[in-house]
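So the sequence shown is residues -20 to -1, 1 to 367, counted in mature numbering (1 follows the signal peptide of the UniProt record, and there is no 0). Just so it is clear, CB atoms sit at the ideal spot from N, CA and C, and this is done for glycine as well. Working notes, beginning with the structure itself.
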Amino acid sequence: MSTMMMILLVCSIILITTLFLQNRSTGKKSNAPKSPPRFPLIGNLHQLGRHPHRSLCSLSHRYGPLMLLHFGRVPVLVVSSADAARDVLKTHDRVFASRPWTKITEKLLYNGRDVASAPYGEYWRQMKSVCVVHLLSNKMVRSFRDVREEEISLMIENIRKSSSLPLNLSKLLSSLTNDVICRVALGKKYGCETDFKELTESQLKKTGNDFDEFLEKVLDDHVDGDRDGTDFVDVLLTIQRDKSVGFQLDRLSIKAIISDVFVGATDTSYTLMEWVMTELLRHRECLNKLQEEVRTICKGRSSVLEEDIQDMKYLKAVIKETLRLHPPLPLMAPHESTHDVRLREYDIPAGTQDFELIPFGAGRRICPAISFAVVLNEVVLATLVHQ
């Protein structure tokens, strides 16, 4: 296994674990969920395998929808059914709305100043409001339509130029996603396909200085430059300057939000498109049916318009089914309970973490960029099958 893969594995394990605090009620034994046998020191780590989400699914069939595992000496609650996830993310949403604090949060995510990893509380509510109201509203998503159309057209043109040669669709989809995100978030591409991935790796390998310097340069370019258009950084700097929200949006918070945009949107979007195309090629009858729908709705035109998508019911079903079969992030970001709670017949102490298998999450911690991701994925898929 490569050094990079080892680093990612260790980081993933740290990110998806937190302390399962022992029940502190005196004289009362905690009623914990079922747990498979574990080895000393490593706990159940040996049972995760190469595909942890599949291993967890298999274990849950034996031990139930609420299952207690131990990653090393750290106990972790695994939630793996729709009903159990509903209890966690709806019935007890507020209790499980926080995030565990780790060294990854401290070193890579600006001490938890981003939206994704910030603990539940007033700061997180304010930051989420900035994202939902100012960056990812329906109006803002629509305003970047030209960016999406231009980058999709460039991808289709590259496909046409390579029509007689073997084509690496994964690379094209990765480039498309990175270019769209760069233009939307930063105002230009910044060579993002290569630079951002390299900087993300340096964030893991070193202290994150290169990554932070890149974001500092982006902010300086926006402050000093005379540019047309409005991107996420422009919006955030305007909020900072005008003090138009109920708290001080500082430079670290701006960099943390931009980090979330890239980390949360790049790999997930193109990975979904990879799986969609893979499944369509496996099931030609589905591809033919989808092509018929898209070409009928776009009859007489050479391109797909975003307003066409609302009538493409089968296309939406294809994407949803792919998300069900191949969620880009099969293990959600961890949740942490802030109070003791009784979940079904089990006692769950404060500080407990849970997993769910839901593509965009749910409840207070649902991904705020759903609209942005869905529009991009739907238009890309419709354009690919139309052409």
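Closest option to Val160, judged by alpha-carbon separation, among Leu88, Ala12 and Arg128: Arg128. With a beta-carbon spacing of about 7 angstroms, Gly23 and Arg53 fall inside the 8 angstroms limit used to define contacts.
Assigned with DSSP and collapsed to three states, Lys279 falls in coil, not helix or strand.
For Leu49, there is no enclosing alpha helix (DSSP H); the residue is part of the beta strand (DSSP E) that begins and ends at Leu46 to Phe51. The DSSP-derived three-state label of Lys168 is coil.
Pairwise C-beta distances place the segment 213 to 223 out of contact with the segment 128 to 139, as fewer than three of them are shorter than 8 angstroms. Two segments are said to touch when three or more pairs of C-beta atoms, one from each, lie closer than 8 angstroms; by this definition the segment 341 to 361 touches the segment 249 to 262. By the CB criterion at 8 angstroms, Pro80 and Ala64 fall outside the cutoff. For Lys235, the number of other beta carbons within 10 angstroms of its own is at least 16, and it is reported as buried. With the rule of 3 Cβ pairs closer than 8 angstroms, the segment 263 to 275 does not count as touching the segment 143 to 162. Take Asn357, set aside five residues on each side of it, and the residues of its chain with a beta-carbon closer than 7 angstroms to its own are Ser249, Leu252, Met253 and Ile299, in chain order. In the structure shown, the three-state DSSP call for Val59 is strand. When rounded, the separation of the alpha-carbon atoms in Lys14 and Leu305 is 27 angstroms.
Looking at the DSSP output, Gly23 bridges to Phe19 and Phe51. Here Val95 is near Asp240, since their CB atoms are less than 8 angstroms apart. C-alpha of Arg163 to C-alpha of Leu156: approximately 11 angstroms in a straight line.
Ser78 carries a strand assignment under DSSP once its states are collapsed to helix, strand and coil. Bridge pairing for Lys14: Met47 [DSSP]. Distances from the CA of Pro55 to each of Gln220, Pro17 and Glu301 were compared; the closest alpha carbon is that of Pro17. For Met257, the enclosing alpha helix (DSSP H) begins and ends at Arg231 to Arg262. In the assembly as shown, Arg93 is a buried residue. Its beta-carbon has 16 or more other beta-carbons within 10 Å.
Cβ-Cβ distances below 6 angstroms link Leu25 to Phe51 in the same chain, with the five nearest sequence neighbours on each side left out; the list follows chain order.
Going by C-alpha positions, Met292 is about 15 angstroms away from Glu301.
In the structure shown, the three-state DSSP call for Phe227 is coil.
With a cutoff of 8 angstroms on beta-carbon distance, Leu232 and Val198 are scored as not near each other. Put simply, the backbone Cα of Asn138 is about 28 angstroms away from that of Met120. Phe191 has its alpha-carbon roughly 25 angstroms from the corresponding atom of Ser109. Leu28: not part of any alpha helix (DSSP H); DSSP gives it neither H nor E.
Ranked by Cα distance from Val256, the options Ile238, Leu285, Val365 and Pro310 are led by Val365.
Per the coordinates, the alpha-carbon of Pro310 lies some 6 angstroms from the alpha-carbon of His33. With contacts defined as CB atoms closer than 8 angstroms, Ile238 and His114 fail to qualify as a contacting pair. Looking from the CA of Val225, the closest CA among Tyr103, Gln367 and Ile136 belongs to Tyr103. Within the segment 283 to 312, the complete alpha helix (DSSP H) runs of at least 4 residues fall at 293 to 305. In this structure, Leu57 lies near Leu48, with their beta-carbon atoms less than 8 angstroms apart.
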